[in-house]
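Everything below concerns the one structure shown next.
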Amino acid sequence: MGTTDVSLGLVLLDCLDRMNVDYAVLHNTESLASNGAISDIDLAVAGDPWEIVAHLAEQQSAHGLLLAMLWEYDRCSLTSIWLSEAGEDGIQLDFLADPKGRGRYGLRTGVVLAEEVKGRGSTPHLSVSAEAVYTLSKRIAKRDHQRALAAIDVLKAAEGPGAEAVLGKLLSPRMRRRSSRALRTRKIVMCGAGWDLWRPRLSLFGLSRLATGSGAVVSVSGDREKVQAIADRLSLVFPHVEVRSATPSWLLVWWLTRAPRLVIVADCKVGSSPTSLGIGPSIAAQLSARTRVRIANRMRLKGDQ
1259 MGTTDVSLGL VLLDCLDRMN VDYAVLHNTE SLASNGAISD IDLAVAGDPW EIVAHLAEQQ
1319 SAHGLLLAML WEYDRCSLTS IWLSEAGEDG IQLDFLADPK GRGRYGLRTG VVLAEEVKGR
1379 GSTPHLSVSA EAVYTLSKRI AKRDHQRALA AIDVLKAAEG PGAEAVLGKL LSPRMRRRSS
1439 RALRTRKIVM CGAGWDLWRP RLSLFGLSRL ATGSGAVVSV SGDREKVQAI ADRLSLVFPH
1499 VEVRSATPSW LLVWWLTRAP RLVIVADCKV GSSPTSLGIG PSIAAQLSAR TRVRIANRMR
1559 LKGDQ
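So in my numbering, the last one in the sequence shown is 1563, and the numbering has no gaps at all.
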């Protein structure tokens, strides 16, 4: 059961085109030609994903979607959850901006966007080889042996003897070593429990979450039964999603948003109570309190650099 409505996804991609964002769909581009729901849409982007999402949220009048939640699940990566105003349909749009391959998957998005993008002018997507490299590194990180082997077969069919050179071009040294070993031996080995793959993520966990939070509370106009359907779909891939009939108290909101949790309040006025944080009134009017704070803090820190 997918979490992303394809038609809504195409609307957001069209907005990115109008914003002149340099992006490419990382995998499964053909699924965007289907009807119904898919799991998510993964994008490699040039630029700060937080700023891209903030500008995309400002285009709410164009796409009609509410930005419900942001989750920085990995270094250089950002998951965004968008809902229709009724809360009955949604989309998970993931952004990866990792020019040097420092994140968990080690994909050097700077090289990928510069040299491996096809379909510019329609739906930008990776070349067959680049998509196979991304899939291989992702499946190694997730210890998905069968899909990793399938990606190896695609890469070898596309590049032949040059497959290992493509790995060297598109992946960080850390992930290149593991991918090259898998390419030669067809075995997925995680030495030392994959410590160096997890090290970049450790800063995203721990006590810092208590201070910043990573959850969100968002209000939608749809009735609870229909909103629960999209919540059930999101729960398949997201840590915690729940639907409530009444807006929680500010103290409960603070507690609920410590973890990557999405709370959807049904039968309510769309959006959430606006707070002026210097990020534009149209954004402040629709983002949840915790999401607004995270974007404002990120933009302020970037301005101080």
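In this text, a Cβ means the ideal position worked out from N, Cα and C, and glycines have one as well.
Can you give the Cα-Cα distance for residue i and residue j, rounded to whole angstroms?
i     : j     : result
V1386 : P1506 : 48 angstroms
R1442 : P1419 : 11 angstroms
V1279 : C1273 : 9 angstroms
T1381 : A1282 : 8 angstroms
R1482 : M1433 : 44 angstroms
E1500 : R1378 : 39 angstroms
I1296 : S1338 : 15 angstroms
L1428 : L1354 : 14 angstroms
F1496 : V1521 : 12 angstroms
D1263 : G1294 : 6 angstroms
D1402 : L1514 : 32 angstroms
G1423 : D1352 : Position check: residue 1423 holds Ala in this sequence, whereas Gly was assumed. Answer to the nearest angstrom: the Cα atoms are 28 angstroms apart.
D1300 : V1523 : 27 angstroms
R1439 : I1446 : 8 angstroms
A1399 : G1364 : 10 angstroms
Hey, does residue i have any beta-carbon neighbour from chain C nearer than 8 angstroms?
i     : result
L1407 : No chain C appears in this structure, which consists of one protein chain only.
Using a 10 Å radius around the Cβ and a threshold of 16 neighbouring Cβ atoms, would you call residue i buried or exposed?
i     : result
L1494 : exposed
R1288 : In the sequence under discussion, the amino acid at residue 1288 is Glu, which differs from the Arg named in the question. When all chains shown are included, E1288 counts as exposed.
D1411 : exposed
S1366 : This sequence places Arg at residue 1366; Ser is not what is there. The residue is buried, with at least 16 neighbouring Cβ atoms inside 10 Å.
L1509 : exposed
P1431 : exposed
H1383 : buried
S1265 : exposed
A1291 : exposed
S1233 : With the chain covering 1259 to 1563 only, the question about residue 1233 has no answer from this structure.
G1361 : buried
A1406 : buried
A1415 : exposed
Q1486 : buried
R1444 : exposed
G1426 : exposed
Return helix, strand or coil for residue i, following the three-state DSSP convention.
i     : result
E1288 : helix
S1430 : coil
G1569 : Nothing about residue 1569 can be read from this structure; the chain reaches only from 1259 to 1563.
A1487 : helix
Y1363 : coil
L1323 : strand
Q1318 : helix
L1336 : strand
I1446 : coil
S1387 : helix
S1342 : strand
With respect to the beta strand (DSSP E) encompassing residue i, which residues constitute its N-terminal and C-terminal limits?
i     : result
G1267 : It is not in any beta strand (DSSP E) - G1267 instead sits in the alpha helix (DSSP H) that spans V1264 to R1276.
Q1404 : Counting along the chain, Q1404 falls outside any beta strand (DSSP E), though it belongs to the alpha helix (DSSP H) covering H1403 to E1417.
A1282 : Y1281 to V1283
V1495 : V1495 -> no beta strand (DSSP E), and no H or E assigned at all.
D1352 : G1348 to L1354
Cβ contact check for the segment 1310-1320 and the segment 1366-1374: 3 or more pairs under 8 angstroms: Output reads no: the segment 1366-1374 does not touch the segment 1310-1320.
message: Would you call the segment 1347-1355 in contact with the segment 1485-1501, where contact means no fewer than 3 C-beta pairs closer than 8 angstroms?
response: Flag = yes, the segment 1347-1355 and the segment 1485-1501 touch.
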